[in-house]
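Each remark here refers to the structure printed beneath this line.
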Amino acid sequence: SSAEDACAKLYELVQVLDYDAQLALLRAHPELGQSAARLAALTAESQHEQSAAGLTVLDAASRARLAAGNAAYMAKFGHPFIICARLNTSTGILAQLEARLHNTAQMELANALSQVIDIARLRVIDLLN
Ligand code: GUN
Numbered sequence: 018s019s020a021e022d023a024c025a026k027l028y029e030l031v032q033v034l035d036y037d038a039q040l041a042l043l044r045a046h047p048e049l050g051q052s053a054a055r056l057a058a059l060t061a062e063s064q065h066e067q068s069a070a071g072l073t074v075l076d077a078a079s080r081a082r083l084a085a086g087n088a089a090y091m092a093k094f095g096h097p098f099i100i101c102a103r104l105n106t107s108t109g110i111l112a113q114l115e116a117r118l119h120n121t122a123q124m125e126l127a128n129a130l131s132q133v134i135d136i137a138r139l140r141v142i143d144l145l146n
């Protein structure tokens, strides 16, 4: 009956998926801050999310920090760094990425899944409008 209800249900469903299915869900998300050429290949929703956070207009130093952080995150956790881009600024995203790199895999699985639900909530709200 509402985006909140839909996302509460979605959150429950995601929690009871087995680990492989949770990982597959996380891996279905594109990396944040991709080059313009790769960004163009993403869905309209993804492009909108990335540009809303200012990730498409980063300076070279921030782009390099994001790329290094994304690579380190993927190497440590085996899934991309996921944060709800529309609820964050590029500065906040970089700070979160570097902070969350220190977490355990278990903490990051939980964080990433909860961010997926935030991303979904905003998409559902858009669909209902
Ligand atoms: N990857 C990490 N965060 C996001 C996001 O907010 N949207 C999309 N499409 N991909 C992401």
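Just so we're aligned: the sequence shown equals residues 18 to 146 in this note's numbering.
Virtual Cβ for every residue (Gly too), placed ideally from N, Cα, C.
Source: prediction; values computed, not measured.
1) To the nearest angstrom, report how far apart Q67 and D37 are at their CA atoms.
2) Is H65 helix, strand or coil by DSSP?
3) Provide the residue span of the alpha helix (DSSP H) that contains S107, from first to last.
4) Output the residue ranges of the beta strand (DSSP E) runs that lie fully inside the segment 20–84 and measure 3 residues or longer, sorted by chain position.
5) Does any heavy atom of the ligand GUN sit closer than 7 Å to the C-beta of R103?
6) When we look at the beta-carbon of V133 and count the other beta-carbons within 10 Å, is it buried (16 or more) or exposed?
7) Report yes or no: do the segment 99–107 and the segment 67–76 share at least 3 C-beta pairs separated by less than 8 Å?
8) Counting Cβ pairs, one atom from each stretch, are 3 or more of them under 8 Å apart for the segment 122–129 and the segment 76–87?
9) At a cut-off of 7 Å, would you count H46 as near the ligand GUN, judging by its Cβ distance to the nearest heavy atom?
10) Pair every Cβ in the segment 42–49 with every Cβ in the segment 90–99, then say whether three or more of these pairs are closer than 8 Å.
11) Output needed for A85: all residues of its chain with C-beta closer than 6 Å, excluding positions within five of it in sequence on either side, in chain order.
12) Between the Cα of A92 and those of K26, T108, A122, spot the shortest distance and give me the residue it belongs to.
13) Taking the alpha helix (DSSP H) that L130 belongs to, which residues open and close that run?
With the structure as the only source:
1) Each residue's alpha carbon lies about 26 Å from the other.
2) Here H65 sits in helix by DSSP.
3) Element bounds for S107: 107–117.
4) Runs of the beta strand (DSSP E) lying entirely within the segment 20–84, each at least 3 residues long, are absent.
5) Yes, since a heavy atom of the ligand GUN falls inside the 7 Å radius drawn around the Cβ of R103.
6) It counts as buried.
7) At 8 Å Cβ cutoff, the stretches touch.
8) With the cut-off at 8 Å, the segment 122–129 and the segment 76–87 do not touch.
9) Flag set: Cβ of H46 near the ligand GUN.
10) Result yes; three or more Cβ-Cβ pairs closer than 8 Å.
11) Nothing listed; no residue qualifies.
12) That would be A122, whose Cα lies nearest to the Cα of A92.
13) 122–145 is the extent of the alpha helix (DSSP H) around L130.
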